[in-house]
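First comes the structure, then the notes that go with it.
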Amino acid sequence: MTPRKGPKTAGSPRSFTFIPNQIHPRKRPRPAKRQRSASHKVSKIQNACIACRDTTPGTTGSPLVSPLSEESGRGRHQSTSSHDCGLDVVTIAQLGVPDDSLQEDQNGHIHGGASEFSFMHLARQRLASLPAVSIDFSDHPLPNPTSLAPILPPKHVTDQLIARYFDFGLSTSRLVHQPSLINIVDCIYNDEDCNPDDRALAYIVLALGSHYSNYTTSFCGFSASVRFYNMAQAQLNEVPDLVTITTSQARLLVIHYLLNHARMHEAWSIFGIVVRHIQALGLHRRSRFKDANCIRHEYRKRLFWCVYIYDRILSSMFGRPLALHNDDIDQEECALANDQDIEESRCQVTTEGVFCTSAALVHYARVARILGQILRAYYTPLARSQDITQLHKSALLFENSLKAWRSNLPPYLNYVVLPPSAVSMTAQRQMCTLKLMFAHASLLLYRPFILHAIDKTAEQTSSRQWVKRCHVKAIEAANTVVSECSYLTQQGLFSRKFWLVTYMQFASIGTLLMYSYIWPEDIMVRRTAEEAMDSFPIGIEGDPVGERYLATLRELRDMTRAAQNDPATRNNEIHRLKTNAIGMISIAPSGNEIHVLEYLQTKRQLHNLLTTMTDVLIENSGTVTGPTPASIPLNTEGLTLHGTGSAITGVKYLTPCAADAPSYELKRKYQEDGVLWVKGLLDPARVNKMRGEYLSFVNQGSNMLKPGTDPVDGIFSGADWRDFLLPGAVRVALGLKDDGRFVENAIHSHHAKFYIDFKTDVARVLEPFVGKLCDFEEPWCLPRSLLRCAVPGGESTPVHYDQIFLRAGPPTTITAWVPIGDVDVKEGGLIYLDRAHDIGKRYEDDFSRVNADLPDEERLSAFNRHMEKGGWLDRNAGNFGKNWSRSWLVGKYEAGDVLFHTPYTVHAGAINESETGRIRVSTDLRFVDKNKPFDERWTVHAYSENDPNTARKIPVPKRR
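What follows is the structure, encoded as structure tokens:
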């Protein structure tokens, strides 16, 4: 790039431009002394606006319409007088009553709509007094600029701060071109001439890099970040009238910095300026002409979409109208290209399926669009005129939009199936941002329905299940946020303050606390909220806003706990309900979990109403019970099991969950642990019937069972265990042929009517469960399944993960391991490596690279030339666990239990060491979303003539 010269400023470092600043690629004239008259300012903005208005779609052919340029259904604006909410003056007036959700802070500023600040104001007035902690949100003062000299760090420190900014700080909102910024910094250190706006951009990047640094030194940490922030502001103050892409980039980063440093009102004010500046520059419109400078062309789009995202987020935080409206926008989405692949003369798009740093910004903007629609549908005056049926219809549309958004994430950003530990720090941060944004939008969608008390009218009967479902969905969203924040804390990723994460965590914990009061039976919700509050201070140390969040949450926790323990009041309210028949409470326009406070006058009225709602909901909709897992024996030293080649020491117990546990809790555990043990999901009698039928079947002519014993007990005869190994991989590894009466019986058992009937019955129960657990639209139990048994002393299943055998499809399957009968801890049940789905992902990535040059059929095979004979990772489970410094986990499984695990979860089988000679029997079932791609080899029944997924071709013998 050619440096763009500018006037030197005494005492200031120098740089050159990051991005050319005009819409048209002509050099900007720089007068020796800037004129700051009003006429000069108006002239520049007027000219930019004229250019913007002239940029109409269709002048150069039919443009590609941005997904964000269209409104869904009811969202199109028809009125010019009330642009933001689609209402004319008469309609608003007919609403009749003022909107009590609007609250004023100490400055007279309005907080309402979806804002949690409204919640805090109400909490101060209605919940309890806070004499020691002010709940008003004054901007926190920064250190005096004159006390911090404008000194730059050594170059190697600057390079580290820049890397920290891009890799960790603003890894998703990539509005700055990294190579160009590095050129700016090089010019600064080479003492070359550059412009104030370029210097401002460089300094604010250093400020954020310092803010997110892991260290506290003279150039890293809070004080150092303030120094760089003041230097950036000084440069912007030199050119207050300048409206360019570079100044807009710098000011948007200033907003991010201020939000991180508790200066929320100043950030809001500057954001309004940035919005007007990018509109003046026409960034909300598609370029009329192909810009020869690819950097300028691409980063005007990226800057716009970052502003668009901030608009939706700040609107939800402050409860104020959106500044950017979809029907004014026809800007294109960003190109999927990495910074290093964008130069002035070219923009090299990343190959499909390969990680691209800009993809997260594209999907971030898409989910922000949905968030904006939710805000307009539920948090404007229009929402107050709609009944629950209308709101229900809107919610279904938004729910489907959110599901479609999540299903369209690229594999390397799919936080549903990809463990964070399996990807780079940048990808982790991007996945975290997208996951939290999805959860935040979901919370704002479902939370207004929490405080619906249900009467007994016909209309309410039709909506009852929907309201109850919204309760669950809102708690799922809140739980996702607190769980992600817990993960960030554990991994040390809560570096200093993330203003958005802190806010989302506050809103989610508040929702959990209020819900736990309304539904006290759901003990896990309260426990989750309490645990989240315990870890909350770690991420907000030194943050005045975060500290006020925490103080308010503590007041809410204490109030709800005290009110729950007042049985006399609860009994009085039940009696009043029966005599006076309270109807449905109207939906809360603000979306706050305690918006009902706005219709009450005292703390006692809040208590009375909530206890009433609790009993109405319990009476009409049934209770929501928390998980009641079976008791788990203490396991401080660990068990010792045995596998091939060595003992497996230090084995711990898996933690089970109840089948009726809240779905959000089951989903969280599945995603975090990679395995989910669900108690009592199937009918034990049906499972034990299957056990007896199977063992009777395979015992024919094989002498497997001890004579005179009940097949349901399954007591081994004590014959040579090698005769009772299943056909396939293990026999191949031991050099045994696939023959003998047991082998024949085992093959035919997969097609026997008793097994097909059992699979059908089980699938009928598990398919809807899997659909909720994995958000499958059409869950389907694949035809290919495996029916296994393990006699005492026999060879065990080696270490593996299932994606090895499912490579012809994406890693979206879920396996259900079903113990057929009770399996004690030493009876050869499945064992899992603790939270090792990240390890499976790493192995598969390595295998993919090694196998890349193989023919397609061999590349997809679990038994190709680069794999072990049986497709496993290691035959020695004990050594494998030690090598990875992970414990193995096991359970005392019972008939009716089901264990679910991800395609990357590392697992194995221990040797059956039953003291009574009991044979372990189980079946492996795989589930997919029928509407999504999957490995179609699994539509062929196991051990059939056409089964392609075996260690060797096994001829199917005729049934004797």
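This note's numbering numbers the first residue of the sequence shown as 106 and each following residue consecutively.
Even glycine gets a Cβ: it sits at the ideal position worked out from N, Cα and C.
Item                                                                                                                    : Value
Sequence ranges, beta strand (DSSP E) only - wholly within the region 903-991, length at least 3                        : 919-924 and 935-938
Distance between VAL896 and SER613 (C-alpha atoms, nearest Å)                                                           : 50 Å
THR485 beta carbon near the ligand PLP (any heavy atom closer than 6 Å)                                                 : Annotation note on the ligand PLP: not contained in the displayed structure, which lists no ligands.
Limits of the alpha helix (DSSP H) - the one that ILE293 falls within                                                   : 283-294
Check whether ILE479 and LEU539 have beta carbons under 7 Å apart                                                       : no
Close beta carbons around HIS747, own chain, < 7 Å, minus the five adjacent residues each side                          : ILE753, ALA1015, ILE1016 and GLU1018
The region 506-523 / the region 482-498 touching (three or more Cβ pairs under 8 Å)                                     : no
At least 3 beta-carbon pairs within less than 8 Å: the region 757-767 vs the region 987-1005                            : yes
Neighbourhood of THR160 by C-beta distance below 8 Å, restricted to the same chain and skipping five residues each side : Per-residue confidence for THR160 stands at a pLDDT of 35, beneath the threshold of 50, marking its modelled position as unreliable; no derived number is given.
Simplified DSSP state of PRO761, which is helix, strand or coil                                                         : strand
Outcome for ARG869 when other beta-carbon atoms lying within 10 angstroms are tallied against a minimum of 16           : exposed
Three-way DSSP call (helix, strand, coil) for ASP1034 in this model                                                     : strand
Assigned secondary structure, ARG391 (DSSP; H/G/I helix, E/B strand, else coil)                                         : coil
Minimum Cβ-Cβ distance from LEU480 to chain B less than 7 Å                                                             : No chain B is part of this structure, which consists of one protein chain only.
Integer Cβ distance of PRO816 from GLY914, believed to fall under 8 Å                                                   : Between GLY914 and PRO816 the Cβ distance is about 37 Å, and since that is not below 8 Å, they are no contact.
Spatial neighbours of TRP410 in its chain, beta-carbon cut-off 7 Å, leaving aside the 5 residues before and after       : CYS439, LEU466 and ALA470
Close-in-space but distant-in-sequence residues of the same chain around LEU1004 (CB under 6 Å, 5 per side omitted)     : TRP782 and TRP922
Inter-residue Cα distance where the pair is CYS575 and SER318                                                           : 40 Å
In DSSP terms, what GLY1014 is bridged to                                                                               : LEU935
Nearest-angstrom Cβ-Cβ length linking PHE821 and GLY983, presumed shorter than 8 Å                                      : About 24 Å; that fails the 8 Å criterion.
Burial state of THR1044 (16 or more Cβ within 10 Å)                                                                     : exposed
Identified DSSP bridge partners for ALA752                                                                              : HIS747
Supposed contact pair SER751 and ASN981 - C-beta distance, whole angstroms, cut 8 Å                                     : 6 Å
Helix, strand or coil at HIS145 [DSSP, three-state]                                                                     : For HIS145, the predicted structure reports a pLDDT of 33, less than 50, and the residue's modelled location is therefore unreliable. The matter cannot be settled from this model.
Limits of the unbroken beta strand (DSSP E) element including ALA895                                                    : 891-895
Local conformation of SER1027 per DSSP, three classes                                                                   : strand
Rounded Cβ spacing between GLY933 and ASN793 (contact assumed at less than 8 Å)                                         : The pair is not a contact, with the Cβ atoms about 18 Å apart (cut-off 8 Å).
For LYS811, the first and last residue of its enclosing beta strand (DSSP E)                                            : No beta strand (DSSP E) holds LYS811; DSSP gives it neither H nor E.
Exposure of GLU1041, with buried meaning 16 or more beta-carbon neighbours within 10 Å                                  : exposed
Distance between beta carbons of ALA546 and LEU507, contact taken as under 8 Å                                          : 6 Å
Residues sharing a beta bridge with ILE479, DSSP                                                                        : Per DSSP, none; premise fails for ILE479.
Three-state class that DSSP yields for TRP624 in the structure shown                                                    : coil
At least three beta-carbon pairs within less than 8 Å, the region 439-453 to the region 279-297                         : yes
Identity of the residue in VAL290, ASN295, ASN300 and TYR608 nearest ALA307 by Cα                                       : VAL290
Per DSSP, cross-strand counterpart(s) of LEU550                                                                         : In DSSP, LEU550 forms no bridge with anything.
Short Cβ contact (7 Å threshold) for HIS855 with LEU887                                                                 : no
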